[in-house]
Each structure stands twice: as structure tokens, then as C-alpha cells.
Amino acid sequence: MTEGEPSMNHSIRKIHAAAVRILKEVGIRLPHPEVLEILRQQGMRISGDRVFFEETQIMDWVQKAPAEFTLYARNPRHDMVIGGDHAECASGYGCPTIIGADGSRREALVKDYLTFAKLVHQSPEFKINGGILVQPNDVDPATSHLVMLYAAVLASDKCLMGVPGHAAQINATMEMLALLYGGMDAFTARPRVLTMISTISPLLIDEMALDSVLACARHNQPMIISPAPAAGTTGPIDLAGNVALATAEALACITVAQMVREGVPVVFGLQSYGADLRTGDISIGSPAYALQAGCCARLARHYGLPSRAGGATTDARSVNVQSGYESMLAISTAFENRINLMVHSAGILDRFAGMSYEQFMVDLELIRMVRFYRRGIVIESDADLAVDLIGKVGPGGQFLTQMDTMKKCRTHSWVPAFSGNPSGEKKPPGDQVLGEIRRRMNDTLETYQQPPLPDDALREIDRFLTGQAGVAPETLSAVKTGIAA
């Protein structure tokens, strides 16, 4: 036990007590008749659409959720354990805009979604793909959730991030994936798609979120429960109070999920922000965000649940020094606190307003750096101390040409993905690094190969999407063409 641990545990107990008090005395709005009936049958106190919870009621249900679970990919090599001491990353999520290296902005399109899906598939830093990598603006909003899922299924055989929605939308997602995995029984037998459920702070879980909870739980599919109050705007300015509010929302949502299906996997995923009170904007690059991510990790362990927080997040409006130091603070804090899943780990700029190809590549480098650092200095045997080699080289010698260095130079030494201008071409330093970033990205895309997908499953999915789900056939053709390009 470290010196600061007792006081941290005391803080966690205080935050838990505050969250329970909020749910008991203030309650939380759950405007969904079916959910209210489920809660009523379980003996919850309800006034209108506001529900009040006792601590014993909350904890009895929360403890039914597993401490860790496996999310299964189409390719078993990418299966992903969420929980325990595992630390996994996922790409940026939810942005409708692409931000260029010069700070310019444009609407995200299907072709951008496909490009990011390919980059994620090619990146060993990720075992999960899909979700709202970007929100394409050239697709019918009514079916965009299915188009994004279709694109992710065709582009990658990694684990899948889902997209929340109203009942018809989320149930269509489950039906489509059942076709992929050999029928509904085979699909529901294992966790296959991870869906982010966002509450509305303060103290509201809306109909769409609750529709998603019902569908995911009934199909035995895991959820990230992700309250996101911002300290000083949608939550109290005191960080402890902001985390207590987020915890109350998360516990209520987890309780509902367990009432629908005992043991369905859930991730305790506080995404509590700071706020820039000069403008009223959220702040995801501030130390306040990092502090609350650390608190999320400790609370999740307190409840015996997997955690989600952090990522490489920044308030910077373009790729610059600010986007570097803020993203490094956020991602290193998440790793240091043993967050199990870090969403928004690559590409985010300007408080979630946009995704950047260049920042995506930079953030991959940050993840690699932090993982290298977290491995520490390894001493597995006396050979790692190299005393005999030091004796062989002797005073005044050098190690560069030693065979030991030659054998280990690609595995033991940090090799940056991009830095400076190795070609020697005379350019401003910023242009040199930007050129290396783009070269690295282009090389990654050039080596992409689409993973195989059984023809019969693809035909069934196409038939479902263009028929029952109402997706335009030309949209599916555009996705296929974009992946093959």
C-alpha cells in the first residue's frame, strides 16, 4: 500500500456515499414507461418519471455484473479482455468534422469513415474498430448507424464498437450482427459488440439511451455506461461533486441493465470533464479531466467493474504543441491509473469537435511511447545487466558495433515513428515532421488488405439492409468501392 492510498480510498468512499445520497434523496429521471415498470416491479420508489434508489438496492444489482469479460472478434486473434489489469485503446468517436493540419474544417464523409476504419484495422494499438469513428454527413441520418456498422464489418475483423439508438435502430443493429455470426442464438451466446450509453447530466437518462440499454441487455451485449458532466456547467464546479454526480448516473444505469439481464457485462465509464468558464465550453485537455479519469479507475475497482475513461484528448484546434502535451497528459494518466478501456485514444481535436488524420498518427505514437515506458527496465536475468559485455568492451570502448547491440537494436531500443527529416531535405522543422506523419499514414494505408468475409453472410446482410432496414443500395456499393480502393 502506498503512502497516499488510505486517503484516496477515503475519498472514494466519500464519493460513493454522496452518489448514493443523490440517488436516494434527489433521484434520477428515467422517462421510459417500460423501464419504469421494470423498476416498479423491483420495488423502487417512483414519482412520475423520477426514480429513487436505496443503497442496498443499487449494490445488490451492481455486484451481479462481471469484473471482467471477453469481447469476441470475428478473428479470434483480436479477442479483447476488458477488466482486470488489461489496458486497451479505442480510436476517436463521434466527431462530425475533419480538421486539417492547417486548422481548416470540413464535414466528415463516408470516405473518411472508411479511411479511419482501415487505419484502425492496420494499427496494432487497437483491438476494436467501428462505432462512430466519424459521423458521415453524406449518409441518411436515419440509417447512418447501420452504414457505419456495415463499413466496420467489411473493413475489419477486429472487435466491434456499436452505435446507440432508439429501439428500432438498435434492434436493427442486433439483427444485422446476428446474420454475421450465424443466427441470433449464436450471436447472443457471446459478447460481440460494445455500445456506448451516454446519460444526460444532471440526472437524466433519456429514452434513446434506455432503449439501447434494453436492447443490449436482452441480447447479452456489453455496454459502456458513460456519464459526462462538465464541472461548472452540467455538473458542480467542485471536482469531487462532479464525479459524485457522474457516479450516481452510472450506478442507476448499471442497475437498470442488471435488472433486464443479470450478469450482462457493463463498463463503469465516467467521462467527467472540466469546463472553460470563460466560454462555457467543456475542457478535455485540462488537468481536471485527467484527475477525474483517475478517480473513475479507483471507483470502478471499488465496485468490482471494468473501467473506461481517458484517451488522448485535447482542446487544441489544430495539431500543435498544445495538442501534444494535453493528449500526452490524458493518455498517460489513463495508463498510470490502469483504466481498462481508453476511448478517444487517437485523432481527437477541439473538445471532440473534429477528427484529424495527423493527430491520429501522433496519438498512436503517444500510445507506443507510454506502453514502452510502462514496461519499465526489465531484469529477467543477469544477462540483462550486461556486466560481461561491459567487461569485454572495457574502458574507453564503444557498444555500437557489438553483436549484442546489432541483435537487439530493433527490439530493445526506442525507434520513433517520425521525427525530423531523415532524408536530409531542407524544410522548416514543422513541415519536416508533418511530412513524416503523412508518409507514415500513407504507408499504413498502402499495406491495408481487406479481411475475408463469407459471401453468404455478406449477401444476407446486404439483403437485410436494403430491404427491411431501408438502406439505399448505392450507399452499400459506395462502401464496398471505398474499401477496395
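Going by our numbering, the sequence shown opens with residue 7, and the numbers climb by one from there.
Every residue gets a Cβ at the ideal spot worked out from N, C-alpha and C, and that includes glycine.
Since the model is a prediction, treat every value here as computed from it, not as a measurement.
Asked: Just to check my reading of the structure: Arg35 and Arg56 have Cβ atoms closer than 8 Å, yes? What is that Cβ distance to the nearest angstrom?; Found: 5 Å
Asked: Okay, do the stretch 182-200 and the stretch 58-68 touch, 3+ Cβ pairs below 8 Å being the bar?; Found: no
Asked: Closest to Gly317 by C-alpha separation, out of Leu471, Asn326, Gly353, would be which residue?; Found: Gly353
Asked: Terminal residues of the continuous beta strand (DSSP E) containing Val249?; Found: Val249 -> not in any beta strand (DSSP E); alpha helix (DSSP H) instead, spanning 245-266.
Asked: Out of curiosity, what's the CA-to-CA distance linking Met447 and Cys222?; Found: 35 Å
Asked: Whose CA, out of Gln277, Ala263, Asn135, lies closest to the CA of Val68?; Found: Ala263
Asked: Have a look at Tyr363 and Ile105 and give me their C-alpha separation to the nearest angstrom.; Found: 8 Å
Asked: So is Ala23 buried or exposed if we call it buried at 16+ other beta carbons inside 10 Å?; Found: exposed
Asked: Can you check the stretch 363-446 for any alpha helix (DSSP H) of at least 4 residues that lies completely inside it and give the ranges in chain order?; Found: 363-381, 393-399, 409-414
Asked: Can at least three beta-carbon pairs, one atom from the stretch 162-177 and one from the stretch 125-135, be found at a separation below 8 Å?; Found: yes
Asked: So does the stretch 392-407 actually touch the stretch 459-478, counting three or more Cβ pairs closer than 8 Å?; Found: no
Asked: Beta-carbon within less than 6 Å of Pro236's beta-carbon, same chain only, minus the 5 sequence neighbours each way: which residues are those?; Found: One detail in the question is off: residue 236 reads as Ala in this sequence, not Pro. These residues qualify, in order along the chain: Tyr279, Ala281, Ile288.
Asked: Quick one: what's got a C-beta closer than 6 Å to Met202's C-beta in the same chain, skipping five residues either side?; Found: Ile230, Ser232
Asked: Please report the distance separating the alpha-carbon of Ile383 from that of Val270.; Found: 39 Å
Asked: Which class does Ala484 belong to by DSSP, given the choice of helix, strand or coil?; Found: helix
Asked: Below 8 Å, how does it come out for the stretch 286-302 and the stretch 73-90: are there three or more Cβ pairs, yes or no?; Found: no
Asked: Have a look at the DSSP bridge pairing and note the partners of Thr201.; Found: Met229
Asked: For the alpha helix (DSSP H) that Ala510 lies in, which residues bound it at each end?; Found: The chain is shown only over 7 to 491; residue 510 falls outside these bounds and no answer can be derived.
Asked: Let me check understanding here. Comparing Cα to Cα, which of Glu332, Arg314, Val477 lies closest to Ala322?; Found: Glu332
Asked: Three or more C-beta pairs closer than 8 Å, one from the stretch 114-121 and one from the stretch 86-95: is that the case here?; Found: no
Asked: Do Met361 and Arg314 come within 9 Å of each other at the CB atom, strictly closer than that value?; Found: no
Asked: I need the boundaries of the alpha helix (DSSP H) containing Cys302, first residue and last residue.; Found: 293-309
Asked: If we ignore side chains and look at the alpha-carbon of each, how far apart do Leu311 and Leu155 end up?; Found: 27 Å
Asked: Does the distance from the CB of Val325 to the CB of Gln365 come in under 9 Å?; Found: yes
Asked: Starting from Thr194, follow the alpha helix (DSSP H) in both directions and report where the run begins and ends.; Found: 190-194
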